[in-house]
Amino acid sequence: MSAASGGAPPPAAQIERPAPTIRVRHLSHRFGSLDVLRDVTFDVGPGEIFGFIGPNGAGKTTTIRVMATLLEPMAGRVEIDGVDVTIDPAAVRRSIGYMPDHAGVYDRITVREYLEFFADAFRVPSLDVVDAVLELTDLGKIQDRIVATMSKGMKQRLQLGRILLHDPKVLILDEPASDLDPRARIEIRDLLLELRSLGKTTFLSSHILTELSDVCTSIGILEKGRLVVAGPIGEIAARLEALRGAQAHGHAPPRYAAAPGAYPAQAHHAPPVGPGAPTPPGAPGDPAAVDPLQAAGPPPGYGPHARPAADPAGPAAGYPGMSQLSRRKVKVRVLGDPEGAAFLLRGGPGITDIEIVAGAVHVGYMGNDVKIAEIVQHLVQRGIGVIGVEPERNELERIFLEVTQGEVQ
Ligand SMILES: Nc1ncnc2c1ncn2[C@@H]1O[C@H](COP(=O)(O)OP(=O)(O)O)[C@@H](O)[C@H]1O
Ligand SMILES: [Mg+2]
C-alpha cells in the first residue's frame with residue numbers, strides 16, 4: 012500500500028490508509044421542497060461493518076438508494092470501490108449486494124429454487140454457488156422448504172443469501188434487523204461477522220441504535236439529513252472524551268460546527284486539519300472554529316470523515332447538551348451494605364448525587380472515566396470490596412445522546 016521502497020517505514024502521519032470502499036462526498040438531495048440529504052460526507056473502509064443510524068425520516072434509505080444506483084443525487088458524489096455510481100451504475104451493481112427494506116420473497120417455491128432462480132438471473136456460472144450460499148446462511152437443512160412457511164428471520168437470511176450469489180465485495184443492507192426477534196437478530200449478526208471474515212465490506216442502516224451496534228466497526232449518525240458524526244465508535248468516544256476534558260479546562264469550542272475543509276476527507280477544499288494539526292482556539296462565534304469532534308481527539312484511523320454541516324440558520328448547529336456533557340452516572344456494586352459505600356462517597360469532590368437502587372450504589376458525578384477510577388480507589392482504600400462498576404449507558408448510547416438533538420424530520 013505504501014510507496015516506501017525497502018528502507019525505514021514512513022512516519023506514522025504519512026502511512027497511507029487503504030482507499031475507502033465507499034466514498035460519499037457532499038451528497039444532497041431534495042424531494043419537492045424537503046431537503047432530505049444535506050451535504051453528507053463520509054467514508055467506509057474495506058472490511059468495515061458500518062452502521063448508518065438515524066431516526067425514521069432521517070434520509071438513510073435515500074442515501075442507500077443513491078449507493079445502490081437507484082436514485083441520482085441532486086448534488087454530490089458516491090463511489091463504490093472507486094466507481095462513481097452515476098457514471099458506471101452497471102459496474103457498481105456488479106460489486107454490490109443490495110437488500111432493500113421490506114423486501115419481499117417469492118413465497119411458493121422452495122429455498123433452493125429461490126436461490127437457483129436468482130443465480131440464473133445474476134448469470135452466476137455454477138450452481139455450486141447455491142450450495143455455498145446455503146451453507147453460509149445455514150439454510151442447507153431447509154433447502155426444500157417452501158419459502159412461505161419460513162420465519163421472518165429465515166426469510167431475512169434467505170434475502171442475504173440472494174445478494175451473496177454474485178459474490179459482491181460490498182453489502183448494502185437497509186434495516187436488515189428491523190422486526191426480527193432476538194434470536195434471528197443474533198443469527199444475522201453472526202452472519203455479518205462471518206461475511207466480514209470473508210473480506211466483505213458492509214453498510215447497514217438502522218433506526219434502532221443498539222440493534223446491531225455490537226457488530227459495527229464504525230458508525231455514522233444521520234439526523235434530519237445531516238451527518239452529525241462518523242467514524243469508529245472508539246475514536247468518536249475518545250474525541251468526545253477529549254472534548255469533555257478540554258471543556259473542563261475551559262478551552263473547548265462551545266460549538267459543534269465545522270469550518271469547510273475541517274476534516275481529512277474533504278481534501279479538495281481547504282487544506283485538511285490533519286491529526287497532527289494544532290487544536291484551533293475555536294472561540295465562540297469564531298468562523299474558523301473547527302468541529303471539536305474532529306480536532307480534539309487522537310489521530311483518526313479510518314475517520315473522522317463526517318463533517319457536521321454548519322447551519323447558517325444559527326444556533327441550531329450549536330453543540331447540543333454541552334452543559335450535560337460531563338455529568339454522568341455509574342453503578343457501583345460492593346460487598347456488604349451499600350449504605351457504607353454511599354456514605355463514603357456522598358458529598359465528595361465531583362459527586363453530584365448518590366442513590367441506592369436494587370442493592371447498587373448509583374453515583375452521579377461530573378467528569379470523565381478518571382473520576383470512575385477515583386471513586387473505586389476511594390472505596391477500596393477504605394476497605395470496601397468493589398465487585399462491579401457499570402457506567403450507566405454504553406458508549407454508543409452516550410455518543411448518540413451527546414451528538415444528536417432528537418429532531419426528526
Ligand atoms: N420518493 C419520495 N418522494 C418524496 N419524499 C420522499 C421520498 N422518499 C423519501 N421521502 C422523504 O424523505 C425523507 C427521508 O426519507 P428516507 O430516506 O426514507 O428516511 P429513513 O430511511 O432514514 O427513514 C422522509 O421525510 C421521507 O418522507
Ligand atoms: Mg429507511
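The sequence shown begins at 12 in our numbering and counts up one residue at a time.
We treat Cβ as the ideally placed atom computed from N, Cα and C, and that holds for glycine.
Would you say the beta carbon of H218 comes nearer than 8 Å to a heavy atom of ligand 2? yes
In the DSSP assignment, the beta strand (DSSP E) including E366 goes from what residue to what residue? I362 to V368
For E252, count the other beta carbons within 10 Å of its own beta carbon; 16 or more makes it buried, fewer makes it exposed. Which is it? buried
Less than 9 Å between the beta carbons of A188 and S217, yes or no? yes
Residue range of the unbroken alpha helix (DSSP H) whose run includes P193: P193 to S208
Would you mind stating whether L215 and F61 have Cβ atoms separated by less than 9 Å? yes
Please report the distance separating the alpha-carbon of A369 from that of E385. 23 Å
Other residues of its chain near R134: CB distance less than 7 Å, five sequence neighbours each side excluded: none
Once DSSP output is grouped into helix, strand and coil, what is the label at M78? helix
CB of E186 to nearest heavy atom of ligand 2: below 8 Å? yes
What's the gap between the Cα of T415 and the Cα of R49? 16 Å
Given a cut-off of 9 Å, decide if V144 and T121 are closer than it, judged by their beta-carbon atoms. no
Confirm, please, whether the CB-CB distance from I383 to R344 is below 9 Å. no
What do you reckon, are the CB atoms on H177 and G87 nearer than 9 Å? no
Report the three-state DSSP secondary structure of L45 (helix, strand or coil). strand
Can you find at least 3 beta carbon pairs, one from the region 34-43 and one from the region 188-198, that sit closer than 8 Å? no
Bridge-paired residues (DSSP) for G375: K340 and D364
Spatially closest choice to E350 from K342, T73, I367 and K340, by CA coordinates: I367
Measuring CB to CB, does L126 end up less than 9 Å from L169? yes
Those residues which DSSP pairs with Y109 across a bridge: I183
With a floor of 4 residues, list each alpha helix (DSSP H) that falls wholly inside the region 209-259, ordered by position along the chain. 244-259
Alpha carbons only, please: which of E90, L233 and I362 is nearest the one belonging to R104? E90
Verify the contact flag: K71, CB atom, against every heavy atom of ligand 2, threshold strictly below 8 Å. yes
What are the residues that DSSP puts in a beta bridge with L435? Nothing can be reported for residue 435, as the shown portion of the chain is limited to 12 through 420.
Can you have a look at L150 and say buried or exposed, based on whether 16 or more other CB atoms are within 10 angstroms of its CB? buried
Rounded to whole angstroms, what is the Cα-Cα separation between L390 and V381? 14 Å
Closer than 8 Å by C-beta to E408: which residues in its own chain qualify, once you throw out the five before and the five after it? Chain order, please. L220 and T221
DSSP three-state label for T148, please. coil
What residues in its chain sit with their C-beta under 6 Å from that of R123, if we drop five residues either side in the sequence? Q154
Sub-9 Å separation of T32 and D95 beta-carbons: no
Are there 16 or more other CB atoms within 10 angstroms of the CB of L206, so buried, or fewer, so exposed? buried
Going by the CB atoms, is the gap between P84 and V77 shorter than 9 Å? yes
Alpha helix (DSSP H) containing F133: first to last residue? Segment: none, F133 is in no alpha helix (DSSP H) and carries neither H nor E.
Leaving out five residues before and five after G375 in sequence, what residues of the same chain have Cβ atoms less than 6 Å from its Cβ? K340, T363 and D364
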